[in-house]
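Add 509 to the 1-based position in the sequence shown for the numbering used here, that's all there is to it.
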Amino acid sequence: MSPEALDSQEPGAKELPLASQWSKKWQLPLASGQTSNVEDFIKKASAQDLSQLGLQTIPRPVFGTDLELQPVEQRLKYVQEYITAFQYNHTPSTYFDQNKQRPLCRILSTARDIVRQGLPIKCVEAVFLALLLTAGWKDLDRIPVGFKTCIAGHVYRHIVLAVRHPETGRWGALGLSRRAELMDKALTYASLADLLQNYITSYMRWWHTVLRIRIGLPVPHDVMYDGQVTGQEWAGVAVKIDQHAAKADELWAAHVTDKKGFKA
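Right under this line is the structure:
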């Protein structure tokens with residue numbers, strides 16, 4: 510039976526199972542203009558129909574409770590597993606507001622939307638989630654870190670949430686990426702510099718050149734905080750780093766002359 514004959518079945522005729530209709534009507538990749546028809550088809554399909562087509566619903570990530578009773582390393586591991594369960598959004602479009610230049614309370618509102626909808630996310634939304642899930646953990650400092658890299662003339666941007674455990678002084682990170690090496694990092698790094706160097710090395714493995722790293726200020730744990738946590742703060746840090754780099758020769762000359770080393 511042709512697709513045209515299927516569409517013109519007489520009223521009252523026995524309707525074919527939706528899975529059979531799919532195989533008769535459409536072949537992948539879809540032709541131009543068929544997307545809306547397929548969307549209507551999927552809305553009518555039962556869970557069994559979708560399962561037969563390999564389109565079964567992805568289980569919604571579930572976050573546990575009583576995490577405050579666990580060691581910080583275990584808590585971070587659980588949070589990262591929860592973030593990873595959302596899966597990476599490989600499409601060009603996004604499902605959520607990615608604007609970082611907003612009050613923290615608005616960013617956390619977006620994070621709650623992500624939890625409710627359970628749709629795939631990109632690195633920015635992963636950081637939003639990490640901020641929400643670690644809010645109130647007073648034994649953890651949280652600092653957003655952004656990367657600007659280049660490969661074959663194409664520029665890419667990425668962001669993670671660096672975390673520090675003040676009691677031990679150890680650093681790690683939470684995040685999501687297409688590459689496992691650019692996602693989270695265990696709470697094992699002695700300094701922020703060591704953590705960032707690991708990311709730089711990971712980028713080099715994928716032939717990326719790191720053009721710039723932007724470091725934010727610690728994010729407050731107050732979920733109702735109405736101030737921004739990125740934007741000018743990041744730019745201010747970058748300016749100070751650039752100023753230091755501009756004086757590198759002068760600092761080195763002073764170091765060689767007085768042999769007293771650099772002062773903090």
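Backbone N, C-alpha and C define an ideal beta-carbon position, used for all residues, glycine too. Given the structure is predicted, the values throughout are model-derived calculations rather than measurements.
First through last residue of the alpha helix (DSSP H) which encompasses residue 639: Boundaries of the alpha helix (DSSP H) around residue 639: 632-642.
Sub-8 Å separation of residue 485 and residue 683 beta-carbons: Residue 485 lies beyond the stretch modelled for the chain, which goes from 510 to 773, so this question has no answer here.
Extent of the continuous alpha helix (DSSP H) to which residue 586 belongs: Membership of residue 586 in the alpha helix (DSSP H) is indicated by the continuous run 581-593.
Short Cβ contact (8 Å threshold) for residue 633 with residue 609: Against a cut-off of 8 Å, the Cβ pair of residue 609 and residue 633 comes out as a contact.
C-beta atoms of residue 730 and residue 647 nearer than 8 Å: Cβ distance < 8 Å, so residue 730 and residue 647 count as in contact.
DSSP three-state assignment for residue 471, whether helix, strand or coil: One cannot answer for residue 471 here, as it falls past the ends of the chain, which runs 510 to 773.
Beta strand (DSSP E) segment containing residue 704, residue limits: If you look at residue 704, you'll find it isn't in any beta strand (DSSP E); it sits in the alpha helix (DSSP H) that goes 701-714.
Bridge partner(s) assigned by DSSP for residue 652: In DSSP, residue 652 forms a bridge with 671.
DSSP-derived helix/strand/coil call for residue 695: Reduced to three states, the DSSP call for residue 695 is strand.
Proximity below 8 Å, CB of residue 669 to CB of residue 654: With respect to residue 654, residue 669 sits close: the two C-beta atoms are nearer than 8 Å.
Beta bridge counterpart(s) of residue 666 as assigned by DSSP: Per DSSP, the beta-bridge partners of residue 666 are 657.
Backbone CA spacing between residue 651 and residue 673 [nearest angstrom]: One C-alpha to the other measures close to 7 Å.
Beta-carbon separation (whole angstroms), residue 629 vs residue 596, contact threshold 8 Å: The pair is a contact, with the Cβ atoms about 5 Å apart (cut-off 8 Å).
Same chain, Cβ closer than 6 Å to residue 666, neighbours up to 5 away in sequence not counted: Correct list, in chain order: 657.
8 Å Cβ cutoff met for residue 696 and residue 708: Not closer than 8 Å, so no.
Secondary structure of residue 721, DSSP reduced to three states: The answer is strand: DSSP assigns residue 721 an E or B state.
Supposed contact pair residue 631 and residue 593 - C-beta distance, whole angstroms, cut 8 Å: Residue 593 to residue 631, Cβ: 13 Å. No contact.
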